[in-house]
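As given, the protein sequences belong to chains L and Z, one line each in that order.
With this note's numbering, letter number 78 in the first sequence gets 78, and the count goes up by one each step, no holes.
Position in the second sequence (from 1) plus 137 gives the number in this note's numbering.
Below you'll find the structure, written out as structure tokens, and then a few comments.
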Amino acid sequence: MRDHLRVLESRFGIPAEVFEQFATRAEQETVFIGTREALQFDEVRPLRRGIRLLRIFPRSIKPTTWAMQLFGRYARRNLIDVTAEQAAELINGSQIRIDADVEDGFVLIRWQRYVVGVGLYHRPVLKSHIPRNRPVD
Amino acid sequence: MVGRASLTGVVRLSRRFPREFITRYGQFIPDFDSFLDAMCRPLKRTIRVNTIKATREEVCELLADAGLEPLPWCDIAFSVNNGAGLGRRLAHFLGLFYIQEAASMVPPLVLGPRPGERVLDIAAAPGSKTTQMAAMMENTGLLIANDPSPQRIRGLIGNIDRAGCLNVAVCRMGGVSLAKLIAGSCDRVLVDAPCSSEGTIRKSNEALARWSVRAIERFSRLQQGLICAGFQALRPGGMMVYSTCTVAPEENEGVVAHLLSRHPDAEVVEVELPGLVTRPALTEWSGTVFPEGVSRCRRILPQDNDTEAFFVALIKKRDERPPQGS
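Written out as structure tokens, the structure reads:
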């Protein structure tokens, strides 16, 4: 599990210590994060404990939008700043063209000081990986 | 309760409601014409700052054009004068605020969950009160959010994600079965029970369209099971809130009376929420006199705070164990 958190550190500069006060738990290809009490709750079989932190793919790791909205504030690298209009386009499922000083691959999309979600960058195209169930004007 | 001078107004307003509704509630709801008048007015939208992700100041700044007015009884909640498109704003997507009816914020405020505690929300979907309690607990401890409905649980999980609640475990079980498995373990329990939703008539006509005394009786039986289940999940000394968004005494005072009659260690505690106007609960209904403690429950009427109608009861499980070391 620590290896996955190190990927978040190496890719985005989110210090692994940020996650120390929480527990993580892998279920198949998904790693969940939550309080220790929530993740260890096993008196019944909960449908879910905590929130999804990341998905594990064969050759990469993708953090989730909802987790990055919380922990992305600690990120120092591979962040792309967007306007409100660009953020809305990405949330609504479009891709945008943007020239950013980041590495290709998964990036965090930031509006003002808030991380909006996760995208996939192949210069100059930024493709949204944000869940599309909540459209924005 | 209906004054002669206001009779014409009541007749005009009452055309919207079933005759039996008027007969039942005209008997005991104070200022009944004001009640009907308020029930016919559209409900103002209200929001709550999600303190897991944002401060009050940040949200005020981001929604500066929305005409926010603070609610007098909750420092992180606002009514919104210009609420159009609120749910499609970027700040909403970011989970910085939650659109939640003002009266629906009351049960968690009365329950007062604290950081590090174990809390059960026995009928949690769609999650407004769950996310409110998770924030009150400062995203620590354990909040068990349960709902038996597969459709509604999807919305619950979506709201937990957006609000960033790390302390929530979601269960999809019958409340009674769940309570048996975690009996005596919770510091606090919220039983915001499924109900006939008469209080939501300001928001939608749905509750009025399916209103019937039979439905009220059916809900009452379900609620009696849930309040006892919630109480079973409490540890000795723990606190529980029972709430509904309905005015029917069978679903409110009658349900609390049911709990008190079966659990001598249950005690109704006075509810205090400065700035919120509340009314006393009924002491009797339809020939049944309720136990003395029921009078400490509170009713929230739409004309008093410009909200939906609500009912709230704060219940303590007395710790009858001998003190340790004695």
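Every residue gets a Cβ at the ideal spot worked out from N, C-alpha and C, and that includes glycine.
A residue is called buried when at least 16 other Cβ atoms come within 10 angstroms of its Cβ; Z:ASP329 meets this threshold and is buried. Between Z:LYS454 and Z:ALA403, the C-beta spacing is below 8 Å. Residue contact with chain Z for L:LEU47: present (Cβ-Cβ distance below 8 Å to some residue of chain Z). Contacts with chain Z at 8 Å (Cβ-Cβ) include L:VAL116. By the CB criterion at 8 Å, Z:VAL243 and Z:ALA282 fall outside the cutoff. Here the alpha carbons of L:ARG6 and Z:LEU410 stand approximately 46 Å from one another.
According to the DSSP assignment, Z:ASN389 belongs to no beta strand (DSSP E), since it is labelled neither H nor E. Using beta-carbon distances, L:ARG55 does not count as an interface residue toward chain Z, since no partner is under 8 Å.
Burial of Z:ASP258 is indicated by the presence of at least 16 other C-beta atoms within 10 angstroms of its C-beta. Per DSSP, reduced to three states, the secondary structure at Z:GLY249 is coil, with no helix or strand assignment. From the listed residues L:ASP101, L:ALA87 and L:VAL102, the smallest Cα separation to L:GLN95 is found for L:ALA87. One alpha carbon belongs to Z:VAL247, the other to Z:GLN361, and they sit about 21 Å apart. For Z:SER357, the enclosing alpha helix (DSSP H) has its first and last residue at 350-370.
Residue contact check for Z:VAL350 against chain L: no CB pair falls below 8 Å. Non-local C-beta neighbours of L:THR35 in its own chain, meaning closer than 8 Å and more than five positions away in sequence, comprise PHE22, ALA23 and GLY50, ordered along the chain. For Z:ILE294, no beta strand (DSSP E) run applies; the uninterrupted alpha helix (DSSP H) run containing it begins and ends at 287-300, by DSSP. Assigned with DSSP and collapsed to three states, Z:THR183 falls in strand. With a cutoff of 8 Å on beta-carbon distance, Z:GLU457 and Z:LYS340 are scored as not near each other.
Beta-bridge annotation (DSSP): Z:LEU327 is paired with Z:ASP258 and Z:VAL378.
Note on L:ASN133: under 16 other CB atoms within 10 angstroms of its CB, so exposed under the neighbour-count rule. By the beta-carbon neighbour count (other beta carbons within 10 angstroms, threshold 16), L:THR30 is exposed. Counting along the chain, Z:ILE338 sits inside no beta strand (DSSP E), nor does DSSP assign it H or E at all.
For L:ASP137, the nearest CB of chain Z lies under 8 Å from its own CB, placing it at the interface with that chain. DSSP places L:GLU27 inside the beta strand (DSSP E), whose first and last residues are 23-27.
DSSP places Z:VAL243 in the helix class (H, G or I) of the three-state scheme.
Below 8 Å, too few C-beta pairs join the region 192-205 of chain Z and the region 159-166 of chain Z to call them touching: fewer than three.
Secondary structure at Z:ILE189: coil, using DSSP grouped into helix, strand and coil. Z:LEU279 is bridged by DSSP to Z:ARG255.
When DSSP states are grouped into helix, strand and coil, L:ARG45 belongs to the coil group. Residue-level contact by beta carbon holds for Z:ASP298 and chain L, with a gap shorter than 8 Å.
Following the DSSP letters along the chain, one finds L:TRP66 inside the alpha helix (DSSP H) bounded by residues 65-71. Residue environment analysis places Z:VAL186 among the buried positions, since at least 16 neighbouring C-beta atoms fall within 10 angstroms of its C-beta. Between Z:VAL405 and Z:ARG435, the gap from beta carbon to beta carbon reaches 8 Å or more. Here Z:GLY292 really is in contact with Z:ALA262; their C-beta atoms are around 6 Å apart, less than 8 Å.
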